[in-house]
Amino acid sequence: MGKYSDFQNTNTPISPNVPMYLTPEEKAAGINEKLKVAARRYLCPKCGREFSLFQSRAVACKYCPKASDRCPNVRCPYCDSEFPINGFVTPSGSREDERTITDYTDQVFNRWADRYNRR
Numbered sequence: 012m013g014k015y016s017d018f019q020n021t022n023t024p025i026s027p028n029v030p031m032y033l034t035p036e037e038k039a040a041g042i043n044e045k046l047k048v049a050a051r052r053y054l055c056p057k058c059g060r061e062f063s064l065f066q067s068r069a070v071a072c073k074y075c076p077k078a079s080d081r082c083p084n085v086r087c088p089y090c091d092s093e094f095p096i097n098g099f100v101t102p103s104g105s106r107e108d109e110r111t112i113t114d115y116t117d118q119v120f121n122r123w124a125d126r127y128n129r130r
């Protein structure tokens, strides 16, 4: 039997609480399950272009005041369409997953902003 991730379509939302296989190289680089979920690529339902939640937050949401304040949406960096994270990046109906992945991405970008003093 394969791993959970072996059965997932690349556009299927995954819970950040579902165990994901990490290679020894990923572990050595400091990658964890939440990072792997946030870095997954998704197709925009409107324009069909592929992007990750990190791309969305870093490019399309860069100057939005809600971007680092538990925003429940993801914005396509190509067509600027906005969609709820719930059901797009995390499985439908999972408010806990939405909060977990939003808090994680906020933490990553806040750490980056603090480190490089670019707020």
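Take 12 as the starting number for the sequence shown in the numbering used here and just add one per residue. A virtual CB, placed ideally from N, CA and C, is assigned to each residue, including glycine.
As assigned by DSSP and simplified to three states, the class of residue i
i	result
VAL119	helix
ARG81	coil
PRO95	strand
Spatial distance of residue i from residue j (CA atoms)
i	j	result
ARG60	ASP80	26 Å
PRO95	LEU33	27 Å
PRO83	ASP114	10 Å
LYS77	MET31	29 Å
ASN97	ASN22	14 Å
ALA50	PHE65	6 Å
PHE56	SER92	With the sequence shown as reference, residue 56 is identified as Pro, and Phe is not the correct amino acid for it. Approximately 9 Å, taken between the alpha carbons.
THR111	PRO27	7 Å
PRO7	GLU109	Lying before the first or after the last residue shown, residue 7 is absent from the chain, which here runs from 12 to 130.
ARG52	ALA71	15 Å
PHE120	LEU54	22 Å
ASP117	GLU36	25 Å
ALA40	LEU46	11 Å
CYS90	CYS58	6 Å
Beta-bridge pairing of residue i - partner residues as DSSP gives them
i	result
ARG110	Answer is none; ARG110 lacks a bridge partner.
Cβ distance (whole Å) where residue i is taken to contact residue j below 8 Å
i	j	result
SER105	PRO88	At roughly 24 Å, the Cβ-Cβ gap does not stay under 8 Å, so SER105 and PRO88 are not in contact.
PRO24	VAL100	6 Å
Residue i at chain D interface by Cβ criterion, 7 Å
i	result
GLU44	No chain D appears in the structure shown, which is made up of a single protein chain.
Runs of alpha helix (DSSP H) wholly within the region 21 to 73 (minimum 4 residues, chain order) | Whole alpha helix (DSSP H) segments, 4+ residues: 35 to 39 and 44 to 50.
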